[in-house]
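In what follows, a single structure is set out as structure tokens and then discussed.
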Amino acid sequence: MKHRGRHRRRNRGRALRAALTGAALALTGAATLISTSQAVGGDNPGGLTRITSAHRMAQFRLHENLTDRGTLDTLTRSLGGGVGVHDVLASADHTLRDRPGCDSSETAALPVKPTAARAYCWDRDDATTTQWMPRSVTTSDSAGADGRWGPDRVILSGWTHPHHRSGGPDADQGLARIAFIDANDPARLAYRWVLLVAPREGGKDFVPVRTRMSGMVWHQDKLLVTARNSLLVFDLRRILRANVDSSAVGRVEGGYAAHGNRYVLPAVGSYRLTQGPCSRSDNRAAPCFAALSLDSTSTPSSGSLVAGEQVTRTNPSRTARVWRYAYSAEPGRGGLLATDARGDVRATEAYETEASRVRGVVSYRRTPTAQPDWYIDRTPTVGGRPGTLWRQNTSGAKAATCAADGTYACWGRHTASLSYARTTDELWTLTEGVADTDGQATGRVLYAVPLESVAESLE
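Numbering-wise, the sequence shown is residues -39 to -1, 1 to 420 according to mature numbering (1 follows the signal peptide of the UniProt record, and there is no 0).
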């Protein structure tokens, strides 16, 4: 689908439409600036406030640590060579149900308005398990100019084994896996699980990666994943196949196991906060990573990584921060962040937002010289209610309204993560779901909304 940027703005009585095309987010109804007196899903957060002081900008600084290539090559040889993304997709053993196959709790989790253009629900075991929780989404849109990785359109969904509440073994807590989804046929999405691991012992073994997986970005051949005080780096050319079916992770008698999974994706590096440890309660300290996405509309053409922080739930009124890093344009560093001579990564811009409880963030520029609009997914303070999607910039904030009383809690329920696909102009997100009275998860759905529909809902 060609990019059709069309947004409507009013200036001196003239309707100007300029846009954000075909996509993946859902809001609702004709949107207007909502006053605090209309606060049904939370107060209007107003405009973004730019952070300019050198001291505060230093809180976002990262240091790059890349794993020795020899270690990675040894691990690849130890497991019999690498496996391609296409091979993983070809072995898909789970099928997503499309919208007609979703149950009532799943469709109820979709946004009120605009409606999702595409919606999918997981196979029954993954849709209902409390042992694993869906937390993030990204796509192959930024892997190549045509939005594909090789011949394939791919969606990745990051899941984590939640701490203490899931009832699983202690050894499983914090495990992280990714659903590699074959999205070549929009009518039939299928997926295969891949476990995240980290090399050890010079590449002769690996251990599980433990992270909440709240944010994930695919750019070129690299995948960046959130951890509390850092970003983890994975290389999608280095997928490996385990050869022992066991609940263990790593080297075992007879070969290598991956907690019952066929494939593993080893970390190839990390970006650690230099001012850490992070804080979820102090917005003057280093931020804890939560949301991630790629801004392919920023300059230079290598794009930028945008991020949002996780704040403590006990202080829902605390402001949050959103910021960006530049990707490297140096040869041989595809998908890695731009560093200085010391290996440090500095944020290129940062803002404060009063839209607390941020779960997803996307930055989009209508033109190269325009200030970016930030789309921020905000969860409600009251559980079980739809969320709110705000469009913010330094001039103000807008959200869609979906009822005569001015309600703007119109977004999906319990959503997590946002990802913008430029080639299809879709905004993707997913819902975590909640546990029902029988202890099973309900209301999990993966969906996309045209970004143009989001823009129109803000008119």
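Glycine included, every Cβ here is placed at the ideal spot set by N, Cα and C.
Computed from a predicted structure; not experimentally measured.
Check, Outcome
"Using only the alpha-carbon positions, how far apart do Glu393 and Gly348 sit?", "12 Å"
"Just to confirm, are Thr384 and Gly215 a CB contact at a threshold of 8 Å?", "no"
"Do Asn244 and Arg279 have their C-beta atoms closer together than 8 Å?", "yes"
"Within the same chain, show all residues whose beta-carbon is closer than 6 Å to that of Arg307, passing over the 5 residues directly before and after it, in chain order.", "Arg22"
"Grab the span of the beta strand (DSSP E) containing Lys334 for me, first residue to last.", "Checking the displayed sequence, the identity of residue 334 turns out to be Asp instead of Lys. Run containing Asp334: Asp334 to Arg339, per the beta strand (DSSP E) assignment."
"Which residues in the same chain have their Cβ closer than 7 Å to the Cβ of Arg58, if we skip the five residues on either side of it in sequence?", "Tyr81 and Cys82"
"Please classify Arg11 as buried or exposed, where buried requires at least 16 other C-beta atoms within 10 Å of its C-beta.", "exposed"
"Give the single residue among Leu388, Arg352 and Asp166 whose Cα lies nearest to the Cα of Gly213.", "Note that residue 213 is Val in the sequence shown, not Gly. Out of Leu388, Arg352 and Asp166, Asp166 has the C-alpha closest to the C-alpha of Val213."
"To the nearest angstrom, report how far apart Gly304 and Ala251 are at their CA atoms.", "23 Å"
"Within the segment 291 to 336, note down every full beta strand (DSSP E) run reaching 3 residues or more, in order along the chain.", "310 to 314 and 319 to 325"
"My parser needs the beta strand (DSSP E) runs of 3 or more residues fully inside the segment 178 to 250; what are they?", "183 to 187, 191 to 196, 200 to 202, 210 to 213, 216 to 219 and 224 to 234"
"Taking the alpha-carbon positions, what's the Asp84 to Val44 distance?", "25 Å"
"In the DSSP output, what is Val395 paired with across the bridge?", "Thr403"
"May I ask you to list the residues that DSSP assigns as paired with Leu350?", "Asp338"
"Alpha carbon to alpha carbon, how far is Leu266 from Leu157?", "21 Å"
"Which residues share a DSSP beta bridge with Asp59?", "Tyr81"
"Whole angstroms are fine: how far does the CA of Ala311 sit from the CA of Leu150?", "37 Å"
"Less than 6 Å between C-beta atoms, sequence neighbours within five positions excluded: which residues of the same chain meet that for Trp110?", "Val46, Ser101 and Ala104"
"Output the residue ranges of the beta strand (DSSP E) runs that lie fully inside the segment 96 to 157 and measure 3 residues or longer, sorted by chain position.", "115 to 121 and 137 to 143"
"Assuming contact is defined by CB atoms lying nearer than 8 Å, are Leu350 and Glu25 in contact in what I supplied?", "no"
"Keeping to the same chain, check which residues put their C-beta closer than 6 Å to that of Leu407; ignore five residues upstream and five downstream.", "Tyr81 and Leu391"
"For Ala(-14), does the count of other Cβ atoms within 10 angstroms reach 16, so buried, or fall short, so exposed?", "The predicted model places Ala(-14) with a pLDDT of 32, which falls under 50 and marks its position as unreliable; any figure quoted below should be read in that light. Burial call: buried."
"Whole angstroms is fine: what's the gap from Ala70's alpha carbon to Cys371's?", "10 Å"
"If you pair each beta-carbon of the segment 257 to 266 with each one of the segment 319 to 332, do three or more pairs fall below 8 Å?", "yes"
"When you compare only the Cα positions, how much space is there between Arg282 and Arg171?", "24 Å"
"If distances are taken between C-alpha atoms only, which option among Gly62, Pro123 and Val115 comes closest to Met94?", "Pro123"
"Suppose the cutoff is 6 Å on Cβ atoms and the five residues either side in sequence are ignored; what does the same chain contact list for Ser414 look like?", "Pro75"
"Among the candidates Leu253, Ala358 and Leu388, whose CA atom is the shortest distance from the CA of Asp4?", "Ala358"
"Quick one: grab the DSSP three-state call for residue 449.", "The first residue shown for the chain is -39 and the last is 420, placing residue 449 beyond what the model contains."
"State the Cα-Cα distance for the pair Leu27 and Val49, rounded to the nearest angstrom.", "25 Å"
"Under DSSP, the alpha helix (DSSP H) around His16 begins and ends at which residues?", "Ala15 to Met18"
"Taking C-beta to C-beta, are Gly345 and Val395 nearer than 8 Å?", "yes"
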